[in-house]
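> My questions all concern the structure below.
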Amino acid sequence: MNWKSCKYLVRNLMGEGTFGQVARCLRLDTMENVAVKIVRKEFTCAGKKEVRALQEVSILDLNKSNLVTFFESFMHKGHVCIVVEKLQQSLHDFMKERKGTPLCVSEIRVITHQVLVALKALKSIDVVHGDIKPDNIMLVNHYLQPYRVKLIDFGLTRPVSTLKRGTVIQALAYRAPEVILGLPIDEAADMWSLGCVMAFFYLNRHLFPLRCEYEVIRNIVQIRGQPSDLLLDDGIHTNKAFLSLLKRMLAVDSIKRLTPTEALGHRFITMRHLSKEPESDPYVTLSYENMKACPSQDPTDEISCFVTSSEVSHGRESTASTDTTDSPSPAMDSAIDDGPPATADEEGLTWTHDAASSDSAPDKPNEFISGSSGGSPGSMIDIFEKVFYGHFT
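Residue numbers (this note's numbering): 9 to 401.
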């Protein structure tokens with residue numbers, strides 16, 4: 009392929025999707041391997057929109073923000089061609105290679121942290137990615153940098169100001185309720201998708217159906233009751249921290265959903281709850297080792313406070329405080345608290361109380377309310393109950 013700035017030698021086909029093919033190419037002027045997305049002619053308009061989105065996003069520090077580097081675009085024989093850095097493998101393919109083995113929470117943490125940094129960067133320019141899923145989170149080089157990832161595919165990326173009610177974005181299994189219901193859409197939709205991705209890594213299966221919007225909504229609204237210890241048996245409260253963050257990211261009301269900045273301050277990401285554990289503990293050692301894959305955060309952009317669930321639910325938006333429809337009961341509120349909040353002062357963060365060992369939940373599970381198709385034991389509804397109403401501390 010020839011372009012006015014350089015020539016590309018096609019080496020092999022890396023993948024194929026609805027919108028086109030991705031080829032591994034050698035850029036002859038720099039002898040660098042790159043990935044070239046060749047968009048099908050019938051999707052030329054969509055290809056041009058993706059180029060505009062990549063140009064918008066390129067004002068950010070792409071490497072620091074964990075976003076794929078965009079080099080250029082050109083037309084070749086009527087096809088839009090998009091040139092980006094070559095990455096190793098999608099997390100979708102990585103999970104397939106594991107043959108049914110889920111990721112552990114220490115691995116999920118390092119991936120989640122990096123995607124949150126990416127979403128925080130996109131939110132800073134008022135942009136919604138619109139297609140967060142394992143296929144679009146790529147390992148950079150798993151052999152040299154384990155679990156170092158970048159976000160790719162900006163085909164559905166839009167400025168928030170252009171997202172009208174009824175706009176369809178996101179793969180169905182990762183689609184936020186507000187998108188399905190035709191409600192206003194903003195960056196919170198990406199946080200819902202990332203919550204679904206986290207659950208997929210942990211369960212090694214989708215949290216919601218892949219085919220029917222009705223089934224997705226039915227699963228969401230039918231969640232009731234308290235789980236067994238299925239998801240809570242890995243020790244030192246780490247799963248509880250994981251589930252606590254997951255619940256806040258899967259808040260049905262987008263106003264109450266965590267922002268990327270708030271999620272980056274959650275104890276599951278910061279690992280502050282692990283600071284009291286022995287350094288010799290293998291899990292603690294592994295957790296800190298895995299997090300080395302995350303680029304260091306800009307010291308001028310540190311999280312200034314840690315937000316608890318109750319603060320997010322009742323204080324982030326003034327409108328939320330007057331709407332008690334979805335507010336948790338006092339018992340549930342204490343059960344889902346994200347842990348000890350902190351206050352910022354001149355010397356940094358200071359814990360105001362210690363609730364890390366708090367464990368409050370109803371003694372008996374509520375009766376599960378199912379629709380006509382029911383919810384059998386082991387169904388995704390049943391598992392979603394377990395994820396949503398665990399012993400959060």
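Note that the Cβ used here is the ideal one computed from N, Cα and C, for glycine as well.
Strictly by DSSP, which residues pair up with residue 410?
Since the first and last residues shown for the chain are 9 and 401, residue 410 lies out of range.
> Contact check, residue 160 vs residue 149 under 8 angstroms by CB: the rounded distance?
Along the sequence shown, one-based indexing puts residue 160 at 152. Along the sequence shown, one-based indexing puts residue 149 at 141. Residue 160 to residue 149, Cβ: 15 angstroms. No contact.
> Would DSSP call residue 260 helix, strand or coil?
Reading the sequence shown from its first residue, position 252 is the one you call residue 260. It is coil, neither helix nor strand.
> Alpha carbons only, please: which of 65, 278, 163 and 100 is nearest the one belonging to residue 147?
Against the sequence shown, residue 147 aligns to sequence position 139. Closest by alpha carbon: 100.
> Is there contact here, the segment 198-205 with the segment 118-130, by at least three beta-carbon pairs under 8 angstroms?
Using a C-beta cut-off of 8 angstroms, the segment 198-205 makes contact with the segment 118-130, since at least three inter-stretch Cβ pairs fall below that distance.
> What runs of the alpha helix (DSSP H), each 4 residues or longer, lie entirely inside the segment 55-93?
none
> Using alpha carbons as the reference points, say which of 254, 128 and 195 lies closest to residue 211.
For the purposes of this step, residue 211 is taken as the residue at position 203 of the sequence shown. Nearest C-alpha to residue 211: 254.
> Mind checking residue 327: buried by the 16 CB within 10 Å criterion, or exposed?
Within the sequence shown, the letter at position 319 stands for residue 327. In this prediction, residue 327 scores a pLDDT of 39, lower than 50, which makes its location untrustworthy; the coordinate-derived value is nonetheless stated afterwards. Classification of residue 327: exposed, given that the 10 Å Cβ count is below 16.
> To the nearest angstrom, how far is the alpha carbon of residue 172 from that of residue 19?
Within the sequence shown, residue 172 is the residue found at index 164, counting from 1. Within the sequence shown, residue 19 is the residue found at index 11, counting from 1. Using only the alpha carbons, I get a separation of about 41 angstroms.
> Run through DSSP, which three-state label would residue 409 get?
Outside the displayed span of the chain (9 to 401) sits residue 409, for which this structure offers no information.
> When DSSP labels each residue in this structure, what does residue 158 get in the three-state scheme?
As a position in the sequence shown, residue 158 is number 150, starting the count at 1. Three-state DSSP puts residue 158 in a strand.
> According to DSSP, what are the bridge partners of residue 43?
Residue 43 sits at position 35 when you count from the first residue of the sequence shown. Per DSSP, 32 and 92.
> Cutting at 8 angstroms between CB atoms, please list the residues of its own chain near residue 225, excluding the five before and the five after it.
Along the sequence shown, read from residue 1 onward, the residue named residue 225 stands at position 217. The residues are 185, 188 and 189.
> Drop a sphere of 10 angstroms on the beta-carbon of residue 137, count the other beta-carbons inside from all chains shown, and report buried for 16 or more, exposed for fewer.
For the purposes of this step, residue 137 is taken as the residue at position 129 of the sequence shown. It counts as buried.
> Let me confirm a value: residue 39 is counted as buried when at least 16 other C-beta atoms fall within 10 Å, else exposed. Which label applies?
Here residue 39 refers to the residue found at position 31 of the sequence shown. With fewer than 16 other Cβ atoms within 10 Å, it is exposed.
> Determine the direct distance from the alpha carbon of residue 191 to that of residue 338, and round the result to whole angstroms.
Along the sequence shown, one-based indexing puts residue 338 at 330. Along the sequence shown, one-based indexing puts residue 191 at 183. Note on residue 338: pLDDT 36, under 50, position unreliable in the model; the coordinate value appears next. Taking the straight line from one Cα to the other gives about 29 angstroms.
> Check whether the Cβ atoms of residue 299 and residue 117 lie closer than 8 angstroms to each other.
To locate residue 299, count along the sequence shown from 1; it is residue 291. To locate residue 117, count along the sequence shown from 1; it is residue 109. A distance below 8 angstroms separates the beta carbons of residue 299 and residue 117.
> Given residue 142, which residues of its chain have a CB within under 7 angstroms of its CB, disregarding the five upstream and five downstream residues?
The residue given as residue 142 occupies position 134 in the sequence shown. Excluding sequence neighbours, residue 142 sits near 98, 99, 100, 103, 205 and 208.
> Over the uninterrupted alpha helix (DSSP H) stretch that includes residue 297, give me the two end residues.
In the sequence shown, the residue the question calls residue 297 occupies position 289. Taken as a continuous stretch (DSSP letters only), the alpha helix (DSSP H) holding residue 297 covers 290-298.
> Taking Cβ to Cβ, would you say residue 88 is nearer than 8 angstroms to residue 59?
Residue mapping note: residue 88 aligns to position 80 of the sequence shown, counting from 1. Residue mapping note: residue 59 aligns to position 51 of the sequence shown, counting from 1. Cβ distance < 8 angstroms, so residue 88 and residue 59 count as in contact.
> Using the DSSP secondary-structure output, state which residues sit across from residue 24 in a beta bridge.
Counted from its first residue, the sequence shown places residue 24 at position 16. In DSSP, residue 24 forms a bridge with 29.
> Determine the contact status of residue 74 and residue 158, defining contact as a CB-CB distance below 8 angstroms.
Translated into positions along the sequence shown, residue 74 becomes position 66. Translated into positions along the sequence shown, residue 158 becomes position 150. For residue 74 and residue 158, yes; Cβs fall inside 8 angstroms.
> Since residue 94 contacts residue 41 with CB under 8 angstroms, what's their CB separation in whole angstroms?
In the sequence shown, residue 94 corresponds to position 86, counting from 1. In the sequence shown, residue 41 corresponds to position 33, counting from 1. That pair is a contact at about 5 angstroms.
> Give the range of the alpha helix (DSSP H) segment to which residue 125 is assigned.
Position 117 of the sequence shown, counted from the start, is the residue given in the question as residue 125. Residue 125 -> alpha helix (DSSP H) spans 113-132.
> Determine the extent of the alpha helix (DSSP H) in which residue 185 is found, giving its start and end residues.
Translated into positions along the sequence shown, residue 185 becomes position 177. It spans 185-188 - the alpha helix (DSSP H) in which residue 185 sits, taken as one unbroken run.
> In chain order, what residues of the same chain have a beta carbon less than 7 angstroms from the beta carbon of residue 302, not counting five sequence neighbours either side?
To locate residue 302, count along the sequence shown from 1; it is residue 294. Result list for residue 302: 118, 121 and 122, in chain order.
> Closer than 7 angstroms by C-beta to residue 218: which residues in its own chain qualify, once you throw out the five before and the five after it? Chain order, please.
In the sequence shown, counting from the first residue as 1, residue 218 sits at position 210. Exclusion of the five residues before and after residue 218 leaves 180 and 181 as the residues of its chain whose Cβ lies within less than 7 angstroms of its Cβ.
> Taking Cβ to Cβ, would you say residue 193 is nearer than 8 angstroms to residue 170?
In the sequence shown, counting from the first residue as 1, residue 193 sits at position 185. In the sequence shown, counting from the first residue as 1, residue 170 sits at position 162. No.
> Using the three-state DSSP reduction, which class does residue 167 fall into: helix, strand or coil?
Counting from one through the sequence shown, the residue named residue 167 turns up at place 159. Strand, per DSSP.
> Using the C-alpha atoms, what's the distance from residue 130 back to residue 280?
Sequence index remark: in the sequence shown, residue 280 carries index 272 (1-based). Sequence index remark: in the sequence shown, residue 130 carries index 122 (1-based). Computed Cα separation, rounded: 26 angstroms.
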